[in-house]
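Protein chains: 2
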Amino acid sequence: MKTPLKMSGALTELVAQRFRLLGEPMRLRILQTLEGGEQPVSAIVEALESSQPNISKHLQALLQGGLIRRRREGLNIFYSIADPMVFRLCELVCSSAAQQTRARLVELDLPNPARRAPAGRR
Amino acid sequence: MKTPLKMSGALTELVAQRFRLLGEPMRLRILQTLEGGEQPVSAIVEALESSQPNISKHLQALLQGGLIRRRREGLNIFYSIADPMVFRLCELVCSSAAQQTRARLVELDLPNPARRAPAGRR
DNA sequence: CAACTATATAATTATATAGTTATATAGAGA
DNA sequence: TCTCTATATAACTATATAATTATATAGTTG
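Chains as they are written, first to last, in the numbering used here: chain S, 9 to 130; chain C, 9 to 130.
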């Protein structure tokens, strides 16, 4: 069998491109920053402690990928999440990674680490 | 506010790594090939028409990322999906991309293209 | 229009990695 | 042990891209 695929080559390419967009920590952090609501570039730059051109470039990448939107207001440009799907993606990956890490712990027969900052005062 | 983040830096890094793993068309195609069940390396190489070392390298990457498993049987090594989450991820990305593309169509006021190979004979 | 501010782009450098070719390893069988 | 086969690894090349520095653009205010 040559092609047991569900996706065409072009579609696979497109999906890979999306994943690659999310495969950069700085871009994930930008998305996290926008999760609370729209932000001007300057606020993102400040929050992430990176250079303005670097943030701008990542914003353009996310914009082209359709993950964020922009809106002009005077001198400021506000960016916001266009496709909340990204957060579901992150949750999925995150919980899967967590579960795997816990499994590895069991596999190595190590005790569960104490939780940091356990609920409750004192 | 400096850190409005839900994820620690290390976790963000980990999640990005996972996404990057899925950001390569060849690796997506390997996963698609494995969707039907475990396969020896040789079968994957044949199905994807790539070189054996290249496939092997991608398999190691996916293995380290915990997305696939391996099992030896004589000279053959069978790989299989370890975490079916990847397919849910792909579906999410895929449907989001599709919807966006349709939206762009509307935005440009273009007519819907005819579906290829419509159901029904002749 | 000139000066200022926020953002975008260009040019560059450094690093990561996909793919190739050649070689190594590990198990099977004579 | 020698040979054969399946897979893995090493060394290399070519390409993509993240971050930086310098500059351009677009809107604002005087």
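Even glycine gets a Cβ: it sits at the ideal position worked out from N, Cα and C.
Residue range of the beta strand (DSSP E) that includes residue i
{"i": "Arg79(C)", "result": "Ile76 to Glu81"}
{"i": "Asn7(C)", "result": "The structure shown does not extend to residue 7(C), since chain C is modelled only from 9 to 130, so the question has no answer here."}
Boundaries (first-last residue) of the alpha helix (DSSP H) holding residue i
{"i": "Ser103(S)", "result": "Met93 to Glu115"}
{"i": "Arg3(S)", "result": "Residue coverage of chain S in this structure runs from 9 to 130, which leaves residue 3(S) outside it and unanswerable."}
Residues near residue i by beta carbon distance below 8 Å, same chain, minus five either side
{"i": "Gln25(S)", "result": "Gly73"}
{"i": "Leu42(S)", "result": "Ile52, Ile76, Tyr87, Ser88 and Ile89"}
{"i": "Leu13(S)", "result": "At Leu13(S) the pLDDT is 48, less than 50, meaning the model places this residue with poor confidence and gives no usable figure here."}
{"i": "Arg85(S)", "result": "Just to set this straight, residue 85(S) is Ile in the shown sequence, not Arg. Here the set comprises Pro48, Val49, Arg78 and Arg79."}
{"i": "Glu32(C)", "result": "His66"}
{"i": "Arg124(S)", "result": "none"}
Proximal residues to residue i (C-beta, below 7 Å), its chain only, five neighbours per side dropped
{"i": "Ser58(S)", "result": "Met34"}
Contacting residues, own chain, Cβ-Cβ under 6 Å from residue i (five flanking each side not counted)
{"i": "Lys10(C)", "result": "Note on Lys10(C): pLDDT 40, under 50, position unreliable in the model; no value is reported."}
{"i": "Arg37(S)", "result": "Leu56"}
{"i": "Gly45(C)", "result": "none"}
{"i": "Gln60(C)", "result": "Val53"}
{"i": "Ile63(C)", "result": "Ile52 and Val53"}
{"i": "Arg130(C)", "result": "For Arg130(C), the predicted structure reports a pLDDT of 47, less than 50, and the residue's modelled location is therefore unreliable. The matter cannot be settled from this model."}
The ligand SAH heavy atom lying under 7 Å from the CB of residue i
{"i": "Gln68(C)", "result": "Because no ligand of any kind appears in the structure shown, any question about the ligand SAH cannot be addressed here."}
**Q.** Minimum length 3: unbroken beta strand (DSSP E) runs contained in the region 37–82 of chain S
**A.** 76–81
(Q) Along the region 93–121 of chain S, where does the CB come closer than 7 Å to a CB of chain C? Name the residues. (A) Met93, Arg96, Leu97, Cys98, Leu100, Val101, Cys102, Ser104, Ala105 and Gln108
Q. Going along the region 25–37 of chain C in order, which residues come within less than 9 Å of chain S, judged by CB to CB distance?
A. Within the region 25–37 of chain C, those residues whose Cβ lies closer than 9 Å to any Cβ of chain S are, in chain order, Gln25, Arg26, Phe27, Arg28, Leu29, Leu30, Gly31, Glu32, Pro33, Met34, Arg35, Leu36 and Arg37.
Q | Interfacial residues, the region 67–95 of chain S to chain C, with Cβ spacing under 8 Å | A | For the region 67–95 of chain S, which is checked against every Cβ of chain C, the residues closer than 8 Å are Gly74, Asp91 and Met93.
Q. Are the region 93–100 of chain C and the region 91–108 of chain S touching by the rule of at least three beta carbon pairs closer than 8 Å?
A. Contact annotation: the region 93–100 of chain C touches the region 91–108 of chain S, with at least three C-beta pairs closer than 8 Å.
Q.
What are the residues in the region 38–54 of chain C lying within 7 Å of chain S by C-beta distance?
A. Answer set for the region 38–54 of chain C: Gln40, Thr41 and Gly44.
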